[in-house]
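S.K.: One structure coming up, written as structure tokens, with questions to follow.
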Amino acid sequence: MTPFWRRGCAGLLTAALLLGAGGGCGSDDEAADRRGITVVLFGDAEEVAGYRTLIADFEQANQDVDVTLSPVATQDELMARLTTSFAGGQPPDVFLLNYRRYGQFAAQGAIEPAQSWLDGSTVLDEGDFSPRALDAFRFDGDALTCLPQNLSSLVVYYNADLFRAAGVPTPTAGWTWDDFLAAARALTRDGRYGVGVQPSIARLAPFVWSNRGELVDDPAKPTALTLRGDPASRTAVDWFLDLQLRHRVVPPDAQEQSESSEARFLRGTLGMFLSSRVAVPTLRTIEGFTWDAAPLPVAPGGVPASILHSDAYCMGAGLPDHRRAWRFIEYAMSAPGQRVLAESGRTVPSRLDVATSPAFLDPARPPRSSQVFLDAEPHLRATPRTATWARVEKEADTLLEEVFYGRVDREEGLRRLEETVRPLFALPVGPTR
147 MTPFWRRGCA GLLTAALLLG AGGGCGSDDE AADRRGITVV LFGDAEEVAG
197 YRTLIADFEQ ANQDVDVTLS PVATQDELMA RLTTSFAGGQ PPDVFLLNYR
247 RYGQFAAQGA IEPAQSWLDG STVLDEGDFS PRALDAFRFD GDALTCLPQN
297 LSSLVVYYNA DLFRAAGVPT PTAGWTWDDF LAAARALTRD GRYGVGVQPS
347 IARLAPFVWS NRGELVDDPA KPTALTLRGD PASRTAVDWF LDLQLRHRVV
397 PPDAQEQSES SEARFLRGTL GMFLSSRVAV PTLRTIEGFT WDAAPLPVAP
447 GGVPASILHS DAYCMGAGLP DHRRAWRFIE YAMSAPGQRV LAESGRTVPS
497 RLDVATSPAF LDPARPPRSS QVFLDAEPHL RATPRTATWA RVEKEADTLL
547 EEVFYGRVDR EEGLRRLEET VRPLFALPVG PTR
């Protein structure tokens, strides 16, 4: 597929509008004249520090390649940066992107496919990596579009000191929704709350799947969300919403706005915090209490489930030469490169040899129970690979938050949620199948 910025200004402007940003037509000469490579990614200070170390190690071993790291603070800023770069005909050499967000770029031919580069590599082999992470980046269902560097899951971070003070058993594999709720209730007292969780599709999905429900009508070719109409899904949705609306074990709207759940957990006033491995570098700054990670609870009569959290190194399509970009990716995805980020705490390595090594599992560095991320691997599921999924999530998350905090009636809010996102599935943007 010809990258969209190669189709002339008319095609460029259409693509820019579709991606939600404006831009002009760039010059091929400008791209060719750039020295070194640029790597674009998002992360907080602790995360970015790990990537700076990785880049320094790469440059030491590859002194003919100059790498410019261009970080942004949030996923939304990353999407805006990439959209503007692509629309302006100035794609980054390498960018790190979550599988739930790369579809719109892959559908437009904006990404240089990674499969042929991996097939020709003497450094990397497809068998080195988790198949579940790889599959999330097969946009056409077959060939790799990007190369995933991590394999995280949603877990429960918990304050072990608060559990002990409340006389509540710490969570273990196989604990249930009832166990989770009982712990949350016992921990909600004296100005503290039992659990902090973002009201989003990514946080809700594992509970739906654990109850044997589905997010969408057809995971391969979705046309609608099924949160309201499917009985198993609806049961999970109601259980999730009840954490706030009925049981009040989650900080209410005003308090969450004034102080995030992550900040509460860091301060020791939140019993449990649901997040992926991305939280670990920040959590490792905790000094006042002991914390650890546990798997998500399982629905009554349900199955263990979690959602895949995976970011991949992608290359901008249409650049005159991808060899330096690929050399960086090869290094970052090699065992030494993956060890750097594993030791930073930021990632669950997609390389299985590094994921099972002390670089990741060292119990002396919290969380002591990092094995829970690996134990979750057989139970990981991914959201649909579609060009518009990022937009579906964004719209759905906005409305789910309205319901979660009681700003709108539950039934009305869920109805609006499904009706609002349904047209997004039908937008005429997608890969050539």
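Residue numbers (the numbering used here): 147 to 579. All C-beta atoms, glycine included, are put in the ideal place defined by N, C-alpha and C.
Below 8 Å on the Cβ atoms is my guess for T282 versus S356; work out the distance and round it to an integer in Å.
M.R.: Reading the sequence shown from its first residue, position 136 is the one you call residue 282. Reading the sequence shown from its first residue, position 210 is the one you call residue 356. Note that residue 282 is Ala in the sequence shown, not Thr. Between S356 and A282 the Cβ distance is about 19 Å, and since that is not below 8 Å, they are no contact.
S.K.: Could you check where the beta strand (DSSP E) with P217 kicks off and where it finishes?
M.R.: Locating residue 217 in the sequence shown gives position 71, counting from the first residue. It spans 213-218 - the beta strand (DSSP E) in which P217 sits, taken as one unbroken run.
S.K.: Check whether the Cβ atoms of I453 and L526 sit closer than 9 Å, and answer yes or no.
M.R.: Working through the sequence shown from its first residue, we reach residue 453 at position 307. Working through the sequence shown from its first residue, we reach residue 526 at position 380. Cβ atoms of I453 and L526: closer than 9 Å.
S.K.: For R374 and D265, what's the separation of their Cα atoms in angstroms?
M.R.: Locating residue 374 in the sequence shown gives position 228, where the first residue counts as 1. Locating residue 265 in the sequence shown gives position 119, where the first residue counts as 1. Spanning the two alpha carbons is a distance of roughly 44 Å.
S.K.: Going by beta-carbon coordinates alone, are L224 and Y197 separated by less than 9 Å?
M.R.: Numbered from its first residue, the sequence shown carries residue 224 at position 78. Numbered from its first residue, the sequence shown carries residue 197 at position 51. Going by C-beta atoms, L224 is not nearer than 9 Å to Y197.
S.K.: Looking at the secondary structure, which residues open and close the beta strand (DSSP E) in which L327 lies?
M.R.: Locating residue 327 in the sequence shown gives position 181, where the first residue counts as 1. Here L327 belongs to no beta strand (DSSP E); instead the alpha helix (DSSP H) covers 323-333.
S.K.: By Cβ distance below 7 Å, which residues in the same chain neighbour T220 in space, the five residues on each side in sequence not counted?
M.R.: What you label residue 220 is simply residue 74 of the sequence shown in a count that begins at 1. Result list for T220: F188, in chain order.
S.K.: Find the nearest neighbour of P504 within the set P482, T230, L300, judged by alpha-carbon distance.
M.R.: Within the sequence shown, residue 504 is the residue found at index 358, counting from 1. Cα-wise, what sits closest to P504 is P482.
S.K.: On the DSSP bridge list, what partners appear for P495?
M.R.: As a first step, residue 495 is located in the sequence shown; it is residue number 349 there, counting from the start. N296.
S.K.: Could you tell me which uninterrupted alpha helix (DSSP H) segments, each at least 4 residues in length, are contained entirely in the stretch 358-418, listed from first to last along the chain?
M.R.: Listed in chain order, the complete alpha helix (DSSP H) runs (minimum 4 residues) inside the stretch 358-418 are 377-391, 399-404, 407-413.
S.K.: What span of residues does the beta strand (DSSP E) with D438 cover, start to end?
M.R.: By one-based count along the sequence shown, residue 438 stands at place 292. 437-440 is the span of the beta strand (DSSP E), which, as asked, contains D438.
S.K.: Can you find the residues in the same chain that come closer than 8 Å, C-beta to C-beta, to A536, ignoring five residues on each side of it along the sequence?
M.R.: Here residue 536 refers to the residue found at position 390 of the sequence shown. Hits under 8 Å: M225, R246, R247, G249, Q250.
S.K.: So, under 8 Å CB-CB, P530 and P365 are touching, yes? Tell me the CB distance rounded to an integer number of Å.
M.R.: As a first step, residue 530 must be located in the sequence shown, where it is residue number 384. As a first step, residue 365 must be located in the sequence shown, where it is residue number 219. Rounded, the Cβ-Cβ distance is 6 Å, consistent with contact.
S.K.: Put D457 into one of helix, strand or coil per three-state DSSP.
M.R.: For this step, residue 457 is matched to residue 311 along the sequence shown. DSSP places D457 in strand when its eight states are reduced to three.
S.K.: Which residues mark the beginning and the end of the beta strand (DSSP E) in which L187 is found?
M.R.: On the sequence shown, position 41 is the one that residue 187 refers to. Taken as a continuous stretch (DSSP letters only), the beta strand (DSSP E) holding L187 covers 183-188.
S.K.: What does a CB cutoff of less than 7 Å around P443 pick up in its chain, not counting 5 residues either side in sequence?
M.R.: As a working note, residue 443 is residue 297 in the sequence shown. Cβ within range, chain order: W321, T322, W323, D325, F326.
S.K.: From the DSSP output, read off the bridge partner residues of V240.
M.R.: Numbered from 1 along the sequence shown, position 94 holds the residue referred to as residue 240. V185, M461.
S.K.: Considering only residues of the same chain and omitting the five flanking positions on each side of A178, which have a CB-CB separation below 7 Å?
M.R.: Start at 1 with the first residue of the sequence shown, and residue 178 comes out as number 32. Unreliable placement is indicated for A178, whose pLDDT of 38 sits below 50; no coordinate value is reported for it.
S.K.: State the Cα-Cα distance for the pair D399 and R553, rounded to the nearest angstrom.
M.R.: For the purposes of this step, residue 399 is taken as residue 253 along the sequence shown, with counting starting at 1. For the purposes of this step, residue 553 is taken as residue 407 along the sequence shown, with counting starting at 1. Spanning the two alpha carbons is a distance of roughly 9 Å.
S.K.: Taking DSSP as the reference, what is the three-state secondary structure of Y245?
M.R.: Within the sequence shown, the letter at position 99 stands for residue 245. In this structure, Y245 counts as coil in the three-state DSSP scheme.
S.K.: Rounded C-beta distance between S379 and V354? I'm assuming under 8 Å.
M.R.: The count along the sequence shown starts at 1 and reaches residue 379 at position 233. The count along the sequence shown starts at 1 and reaches residue 354 at position 208. Indeed they touch by this definition, with Cβ atoms about 5 Å apart.
S.K.: In the DSSP assignment, what residue or residues form a beta bridge with L526?
M.R.: As a working note, residue 526 is residue 380 in the sequence shown. Paired residue(s): S452.
S.K.: Quick check on the DSSP output: the beta strand (DSSP E) that includes Y339 runs from which residue to which?
M.R.: Position 193 of the sequence shown holds residue 339. 339-342 is the extent of the beta strand (DSSP E) around Y339.
S.K.: Whole-angstrom Cβ separation of F550 and Q401, contact assumed at under 8 Å?
M.R.: The residue labelled residue 550 in the question sits at position 404 within the sequence shown. The residue labelled residue 401 in the question sits at position 255 within the sequence shown. Contact flag wrong, Cβ pair sits at about 14 Å.
S.K.: Just to confirm the assignment, what range does the beta strand (DSSP E) spanning V302 have?
M.R.: Start at 1 with the first residue of the sequence shown, and residue 302 comes out as number 156. Its beta strand (DSSP E) spans residues 301-305.
S.K.: Using the rule of at least 16 other Cβ atoms within 10 Å of the residue's Cβ for burial, across every protein chain shown, is T544 buried or exposed?
M.R.: Your numbering for residue 544 matches position 398 in the sequence shown. T544 comes out exposed.
S.K.: CA-CA distance, R470 and R492?
M.R.: Within the sequence shown, the letter at position 324 stands for residue 470. Within the sequence shown, the letter at position 346 stands for residue 492. Roughly 25 Å between the two C-alpha positions.
S.K.: Under the rule that 16 or more other beta-carbon atoms within 10 Å means buried, what is A329, buried or exposed?
M.R.: Along the sequence shown, read from residue 1 onward, the residue named residue 329 stands at position 183. That one is buried.
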